[in-house]
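Those protein sequence lines, which keep their order, are chains W, R, D, V and X. The first sequence begins at 1 in this note's numbering and counts up one residue at a time. The second sequence begins at 1 in this note's numbering and counts up one residue at a time. The third sequence begins at 1 in this note's numbering and counts up one residue at a time. The fourth sequence begins at 1 in this note's numbering and counts up one residue at a time. The fifth sequence begins at 1 in this note's numbering and counts up one residue at a time.
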Amino acid sequence: MFHLRKEAYSSKTAGLPPGSLVHVGAKKTEKVSITLIEYDEKRFQKNTFENVEEFLNFQDSELVTKSVRWIHVRGLHETAIIESIGKHYHIHHLILEDILNTHQRPKLEDYEDCLFMVMKMFCHNGDEKISAEQLSLILGHGFVISFQEGDKDVFEPVRKRIKMPQSRFRKAGADYLAYAITDTVVDYYFKVIEEIDERLEAVEEDLFAEFSQKVLQEIHELKREIIFLNKAVLPLRGMISTLEKTDSPMVSDMTHIYIRDLYDHVIRIVDIVETFREMATSLLDIYHSGLSNKMNEIMKVLTLIATIFIPLTFIAGIYGMNFKYMPELEWRWGYPMIWLVMIVIGIVMIIYFSKKKWL
Amino acid sequence: MFHLRKEAYSSKTAGLPPGSLVHVGAKKTEKVSITLIEYDEKRFQKNTFENVEEFLNFQDSELVTKSVRWIHVRGLHETAIIESIGKHYHIHHLILEDILNTHQRPKLEDYEDCLFMVMKMFCHNGDEKISAEQLSLILGHGFVISFQEGDKDVFEPVRKRIKMPQSRFRKAGADYLAYAITDTVVDYYFKVIEEIDERLEAVEEDLFAEFSQKVLQEIHELKREIIFLNKAVLPLRGMISTLEKTDSPMVSDMTHIYIRDLYDHVIRIVDIVETFREMATSLLDIYHSGLSNKMNEIMKVLTLIATIFIPLTFIAGIYGMNFKYMPELEWRWGYPMIWLVMIVIGIVMIIYFSKKKWL
Amino acid sequence: MFHLRKEAYSSKTAGLPPGSLVHVGAKKTEKVSITLIEYDEKRFQKNTFENVEEFLNFQDSELVTKSVRWIHVRGLHETAIIESIGKHYHIHHLILEDILNTHQRPKLEDYEDCLFMVMKMFCHNGDEKISAEQLSLILGHGFVISFQEGDKDVFEPVRKRIKMPQSRFRKAGADYLAYAITDTVVDYYFKVIEEIDERLEAVEEDLFAEFSQKVLQEIHELKREIIFLNKAVLPLRGMISTLEKTDSPMVSDMTHIYIRDLYDHVIRIVDIVETFREMATSLLDIYHSGLSNKMNEIMKVLTLIATIFIPLTFIAGIYGMNFKYMPELEWRWGYPMIWLVMIVIGIVMIIYFSKKKWL
Amino acid sequence: MFHLRKEAYSSKTAGLPPGSLVHVGAKKTEKVSITLIEYDEKRFQKNTFENVEEFLNFQDSELVTKSVRWIHVRGLHETAIIESIGKHYHIHHLILEDILNTHQRPKLEDYEDCLFMVMKMFCHNGDEKISAEQLSLILGHGFVISFQEGDKDVFEPVRKRIKMPQSRFRKAGADYLAYAITDTVVDYYFKVIEEIDERLEAVEEDLFAEFSQKVLQEIHELKREIIFLNKAVLPLRGMISTLEKTDSPMVSDMTHIYIRDLYDHVIRIVDIVETFREMATSLLDIYHSGLSNKMNEIMKVLTLIATIFIPLTFIAGIYGMNFKYMPELEWRWGYPMIWLVMIVIGIVMIIYFSKKKWL
Amino acid sequence: MFHLRKEAYSSKTAGLPPGSLVHVGAKKTEKVSITLIEYDEKRFQKNTFENVEEFLNFQDSELVTKSVRWIHVRGLHETAIIESIGKHYHIHHLILEDILNTHQRPKLEDYEDCLFMVMKMFCHNGDEKISAEQLSLILGHGFVISFQEGDKDVFEPVRKRIKMPQSRFRKAGADYLAYAITDTVVDYYFKVIEEIDERLEAVEEDLFAEFSQKVLQEIHELKREIIFLNKAVLPLRGMISTLEKTDSPMVSDMTHIYIRDLYDHVIRIVDIVETFREMATSLLDIYHSGLSNKMNEIMKVLTLIATIFIPLTFIAGIYGMNFKYMPELEWRWGYPMIWLVMIVIGIVMIIYFSKKKWL
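Structure representation (structure tokens):
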């Protein structure tokens with residue numbers, strides 16, 4: 001499901017000066033699209049552009065009010081677009097570099113005139129698979145710019161809520177918008193958690209049915225994904241915590257209360273992921289214990305059969321010898337007696353094993 | 001006993017705006033009931049309502065004194081009731097959302113005009129089973145509002161103590177009432193601990209009687225419950241600690257001493273739960289060691305029997321061959337001699353094993 | 001030796017108001033005795049009472065000087081006595097409750113007019129067994145009140161040192177007395193440590209002699225006791241540390257230096273207990289490694305015998321068949337040849353095993 | 001690849017006074033070379049010396065401007081050179097000692113007139129092997145002196161960027177140069193990480209192909225290298241963190257932003273190394289689980305064969321006995337009947353095993 | 001090598017008043033010797049005494065200058081000497097007690113007029129064995145008093161450096177002397193580390209040669225010594241750290257820089273010891289993995305032989321039966337046919353095993 005190793009790092013930019021704009025990561029969408037939403041207490045306006053000049057021209061000519069602007073860019077592989085927008089909004093080139101390098105760990109950076117946030121976002125990609133991509137978010141005075149790797153539209157609910165005239169958005173500022181976007185991202189984490197939980201349960205059921213290499217691999221697979229999730233969630237917690245405590249004038253008191261609530265959600269996710277880790281470890285323990293148990297049972301049967309029949313076979317072997325002078329062979333009751341001896345030995349052994357609780 | 005996974009999280013509210021009032025969690029009771037207790041140094045009055053309008057009307061008309069009011073709501077699935085009460089007492093909508101989402105981790109939130117606490121509560125549900133539910137508690141100026149998922153009445157002892165005219169409650173404020181409710185919840189933790197302890201002891205006894213898959217599952221079951229308990233207790237400790245250190249004007253100096261005592265109890269619970277964890281781990285170790293020991297013993301018997309009889313059987317096999325020219329077979333004392341050889345081999349082997357301490 | 005589980009908690013007081021005086025814990029002595037020692041630079045006076053009224057009357061009439069008073073109570077099951085003393089010295093009812101509940105974890109509480117300390121004390125009980133009991137200690141202005149569960153007198157050395165006219169006690173205040181009592185308690189920890197050390201050494205010797213279930217149980221038993229000791233010692237360290245840093249006017253500068261020394265002792269105990277833990281874990285590892293080694297050796301012997309003789313027995317079986325037309329059987333040198341073949345096979349196998357270092 | 005043990009410490013200098021200049025570590029290059037780069041907004045000048053006097057003379061005569069100077073020394077075994085430079089730049093003798101002892105852990109030391117940094121540097125050495133060496137860096141007012149153990153030139157990209165007239169270097173001070181050097185070093189860490197990652201993947205593939213001792217050794221080898229990397233990276237993080245927070249006047253505000261970015265990179269490296277550790281541990285777990293699984297399967301086959309045929313062989317042995325009076329032998333249908341009995345026993349056993357899921 | 005348990009604690013002093021002067025620990029030398037060194041910028045004077053009166057008289061009469069005095073006492077069993085010196089220099093009796101109790105953990109205590117340090121010191125004792133002893137050090141105004149358990153002279157290098165007229169000692173104060181002594185002690189730690197490293201390497205080589213109980217014991221032995229070393233080093237780090245941060249007027253700014261350097265060394269030791277721990281754990285892992293691997297191989301051979309020959313032996317057994325009517329026995333090609341059947345079975349089995357990769 002996740003591909004930690006291929007995504008976690010890259011040396012593509014080694015040797016380049018800091019702030020070089022190189023897109024690091026897989027190309028997740030074909031075309032780049034820019035969505036501009038502008039709203040204030042009375043107005044709501046949405047425009048979509050597929051071309052950065054068009055967008056910049058539109059901005060220059062029309063956007064003059066003091067409303068909140070949300071520029072949402074999907075697709076990162078055309079670095080020229082990112083650069084143009086960056087130049088237009090006076091964004092530090094280190095921020096632009098971070099946006100393009102999609103192997104960032106979640107973080108919040110406080111630049112003088114804006115807050116920069118990066119986080120991992122999970123969403124359903126066409127089929128049932130969940131994929132991870134990076135979301136970068138710049139909160140400036142009166143605007144939010146967000147950059148998304150893929151082209152999956154996960155922020156429709158946010159737009160719907162903005163559209164509603166009586167919505168809380170209309171009275172709040174850009175900080176509330178940034179909060180709402182982050183909140184939507186965090187909500188998707190719960191979906192991932194649900195999915196992992198279902199798989200954990202499925203594995204648990206399999207576990208009691210059979211001890212196959214396949215189950216083992218599935219557990220290890222799950223464990224790795226949980227570790228990956230953990231690596232995404234722990235810095236996210238740190239980021240939200242920093243956001244909660246920030247005294248940046250860009251975040252209003254009212255929004256702070258919502259961020260506290262968001263922080264609470266993230267802590268719950270961290271808790272659950274930790275529980276998942278313990279459960280995965282526990283499943284491995286159960287697997288190994290079960291395997292040992294089974295081995296033990298198998299060994300007991302082997303030992304039982306072997307220790308009973310090996311001596312008996314030996315006795316039969318004795319009287320299969322061809323010595324000329326073996327008096328027992330001539331006895332009238334030799335054969336029945338030998339049966340008796342064997343049965344007695346067998347019963348004694350079984351009693352012995354029963355006492356030792358090996359049976 | 002506990003159902004961690006089904007309760008720990010939910011994506012029911014994903015995509016909804018924050019503060020949306022949706023009841024997340026199982027419906028734990030059929031009807032909602034509201035109990036209103038009002039007392040001051042001289043008066044004690046108790047009323048029960050099954051209808052929120054009735055309750056609100058009653059309040060508006062009659063409650064005008066400066067006494068302490070305790071509104072206790074059992075059952076959360078009718079969100080309209082929670083909403084009405086919330087509106088009446090000017091409670092922040094994020095608090096209401098938290099009350100309804102019963103997957104909260106224990107926490108304390110300091111709103112300007114009230115303290116909001118959430119915790120897990122354990123109680124006996126009809127039969128012998130202990131179940132966990134969520135208790136939310138709002139401490140405001142002169143009132144406490146508590147919300148409980150189920151309809152089990154666990155706070156009767158508190159009410160009894162309030163009723164007593166000379167009780168400490170009568171002179172103390174709403175903060176002492178909040179403390180007393182929390183204290184009652186914490187006391188129930190000790191009951192859960194006792195139950196787990198009994199089961200740990202039972203498993204320990206079973207452990208020395210047999211090494212079955214069943215015992216193993218019971219240990220893992222216990223371990224999971226202990227982990228669940230831990231997850232409930234650790235944030236509870238943090239919550240009580242915050243409460244102890246709060247400088248909120250709503251908590252008096254006198255109550256602070258009681259909260260310190262309560263904190264002490266919670267620390268003891270944390271300690272015991274940690275000990276339980278170590279014990280469960282230790283039991284697993286003992287289980288595996290015991291299993292290895294047993295395996296070892298079984299292997300020793302198998303080896304003993306096999307290594308003694310396999311060579312002897314081979315010898316018997318030799319003289320069971322039908323070669324025409326086998327001089328030994330013709331010897332007068334061949335048969336007794338072969339017995340002698342076998343007995344000597346057997347004795348030598350037994351001596352060897354005794355020396356190696358394998359016997 | 002220790003009985004962690006039966007002592008660590010209790011729900012006896014669940015539902016009772018805080019401060020209810022109920023004796024929680026086993027009754028460790030038959031009769032309660034009260035010892036009063038009073039001393040100043042010139043005087044030393046010791047009185048023993050078996051009756052609380054007698055004690056209180058005595059106090060009221062005679063104790064008027066500014067000397068240091070030490071009231072030592074042995075036996076906790078008569079709550080009336082504790083209550084009377086508590087009332088006489090204006091002790092907070094939460095302190096009295098803690099004194100009676102003998103499942104406290106070591107702690108120090110700073111009340112306005114006194115310091116309250118609880119700790120676990122170890123002492124020899126008649127026979128060679130060491131038992132744990134709780135010691136509570138109240139340090140007030142000019143007096144120390146100490147409560148002990150059992151009736152074993154462990155503080156005789158302290159009394160002797162007080163009696164000596166030139167002793168440091170005579171010039172110091174009640175704080176030095178409290179320090180001296182605690183120091184005596186801590187000194188006993190070293191005895192417990194010595195005992196555990198001896199047992200660890202004994203187990204280690206046993207370990208190399210045999211791998212029995214008994215040794216395993218002894219190690220687990222030791223481990224549990226070490227955990228118990230750890231649970232007593234860690235909060236004790238916290239307590240002494242708090243005491244060292246306290247700025248309570250009741251503790252003089254001179255005594256602070258002694259408390260620092262005491263803290264040092266406790267840290268050493270913590271260190272040793274931690275080392276013990278690691279040693280117990282290490283012993284378990286050695287046990288399991290040794291067991292695996294032995295299993296390995298046993299398996300090697302089994303494999304050696306089986307793999308050599310099974311093929312040989314098969315060959316013997318071949319020529320034990322009764323087919324009418326088996327040319328080998330008629331050969332003159334068939335029998336010696338078959339012996340040759342068998343010996344060659346045996347030697348080849350032994351060489352193979354030697355090369356593989358399985359022999 | 002790495003040689004932790006031979007490099008991590010040395011007692012060569014034991015007993016010497018602190019500050020004694022002894023080169024501790026392997027000699028990593030034949031000749032020592034000194035490169036001097038001097039630049040300001042307009043000028044860029046580069047000179048290389050192989051002789052310290054030449055270098056010092058050059059400096060005295062020519063370097064009088066207020067530009068930034070970068071002195072880069074490759075090769076540490078000629079202590080006289082280090083000493084001369086140290087004297088010329090008034091560098092504390094403890095710094096010089098640290099430069100020569102190449103077993104330093106990464107650290108930053110704030111001397112009054114300079115910042116001293118030590119770090120581990122990785123680079124490709126001729127063939128494909130990556131080797132670790134020590135880089136020391138002194139940041140003074142207007143100059144950076146860097147000392148490198150080996151003679152591999154890894155800072156060419158930095159020089160190229162300095163050379164470009166419009167480069168950021170030209171306006172920034174020596175602090176930006178120090179940052180750029182450190183950044184280059186950190187970038188190489190990503191290469192090491194990539195290499196380890198490839199080897200981890202290769203091992204993982206091998207793991208599912210076979211369970212050989214070789215794979216095991218490779219995993220342990222990797223684990224050791226990851227531990228070594230961790231030991232280099234963790235103090236590096238501390239060092240960069242200190243650098244970020246330093247209020248030294250030598251580091252400008254502008255450079256601080258770049259150091260924050262660098263810190264971010266280091267944190268990502270720490271994260272990845274930690275993930276590697278978990279993966280290596282996980283691989284070991286998978287190895288052991290797989291081995292147990294295989295053992296289990298083998299045991300099952302052995303048990304199956306043995307438990308089916310041992311009883312049957314016994315029966316055959318019975319009728320191989322040579323007793324005179326064995327009625328069954330005379331029966332007309334004795335032989336077919338015994339076959340029937342054997343087949344029935346075999347089938348019953350197979351059914352039994354199938355039910356137990358051992359087949 | 002080390003004898004942790006016998007040295008780590010003692011109850012010899014239980015019950016005694018604090019500050020009682022009892023020598024706790026083994027007597028490590030026969031005679032006590034006192035060395036007095038006195039030096040200032042111009043003078044250097046060294047005297048050795050074997051008698052405390054002689055020493056005290058000497059002091060009273062001759063030492064009047066403002067030079068630095070170093071009194072070094074070797075041998076602790078004559079408590080009277082320690083007491084006399086203590087009285088002469090007004091040393092707190094708790095310090096004297098700590099000097100005599102050689103089971104101290106390394107610590108630094110700040111008394112008003114002196115700094116008291118205790119640490120573990122390692123040195124070669126005649127033969128090749130390294131032994132641990134305690135070094136106590138009192139740094140007062142203008143003097144250092146050091147107490148050593150044994151009589152091994154390890155501080156000769158320090159004396160030599162003091163003797164040199166141009167040495168740094170001559171200008172520095174007593175604090176630099178205290179630093180130099182501690183530095184010498186710390187340098188010896190590197191020797192111990194080297195020794196352990198060599199043994200670790202030796203064990204590692206042995207490990208791949210054989211899996212004997214002896215190797216296992218050696219690893220456990222090493223692990224214990226590493227733990228012991230860790231217990232000595234961790235508090236040493238704390239001690240040096242406290243010393244570095246102390247604002248005691250007795251430590252000059254110049255010395256602080258040297259202490260920072262010393263602290264650096266100690267941190268490196270801590271790092272290496274931690275690495276050793278991980279290596280020892282890793283060696284144990286390798287041991288167990290190797291053992292499992294070997295067991296697995298052995299089991300495979302056993303299974304191979306047994307599963308091939310057991311069925312064949314059964315077939316041979318069949319035709320060894322003596323039934324009167326066994327038609328196969330009469331067949332002309334019966335014997336060759338049975339050989340054919342057996343060979344086919346054998347080949348099929350070998351192919352099966354090859355496919356399963358068990359061969």
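In this text, a Cβ means the ideal position worked out from N, Cα and C, and glycines have one as well.
Going by beta carbons, LEU100/V and HIS23/V fall inside the 8 Å limit.
Following the DSSP letters along the chain, one finds PHE353/R inside the alpha helix (DSSP H) bounded by residues 334-355. The C-beta distance from LEU36/R to ARG69/R rounds to 7 Å, short enough to fall under 8 Å. A distance below 8 Å between beta-carbons, with the five flanking residues on each side excluded, links VAL203/R to the following residues of its chain, in chain order: VAL215, GLU218, ILE219, LEU222 and LEU283.
Setting aside the 5 residues that flank it on each side, LYS120/X is surrounded in the same chain by PRO106, ALA132, GLN134 and ALA232, each with a C-beta closer than 7 Å to its C-beta; the list follows chain order.
Between GLU274/W and ARG260/W, the gap from beta carbon to beta carbon reaches 8 Å or more.
Using beta-carbon distances, HIS288/D counts as an interface residue toward chain R, with a partner under 8 Å.
With contacts defined as CB atoms closer than 8 Å, TYR335/R and ARG332/D fail to qualify as a contacting pair. Chain order gives no chain R residues near GLN134/D, where near means a beta carbon separation below 7 Å; the closest approach is about 13 Å.
Relative to PHE58/D, the option among ARG43/D, LEU137/D, THR182/D and GLU38/D whose CA is nearest is GLU38/D. Apart from the 5 residues on each side of it in sequence, TYR189/R sits with its Cβ closer than 6 Å to the Cβ of ILE269 in its chain, given in chain order. For VAL73/V, the secondary structure class from DSSP, reduced to helix, strand or coil, is strand. For VAL118/X, the closest alpha carbon among the candidates TYR111/X, SER146/X, ILE91/X and ILE130/X is that of SER146/X. Secondary structure note for GLU194/X: its alpha helix (DSSP H) is the uninterrupted segment 174-209. By the Cβ neighbour-count rule, ASN293/R is buried, with 16 or more other Cβ atoms within 10 Å of its own. A distance below 7 Å between beta-carbons, with the five flanking residues on each side excluded, links PHE314/D to no residue of its chain. For a cut-off of 8 Å, the C-beta gap from ASN322/D to GLY320/X is around 6 Å, short enough to register as a contact.
Contact annotation: SER241/W and TYR258/W have beta-carbon atoms that are not nearer than 8 Å.
Partner residues in a beta bridge of LEU302/V, as assigned by DSSP, do not exist. GLN104/X carries a coil assignment under DSSP once its states are collapsed to helix, strand and coil.
Bounds of the alpha helix (DSSP H) holding ILE81/V are 79-88. When the Cα atoms are used, GLY290/D and ASN296/R turn out to be separated by approximately 11 Å. If you draw a straight line from the Cα of LEU94/R to the Cα of ASP113/R, it comes to about 14 Å.
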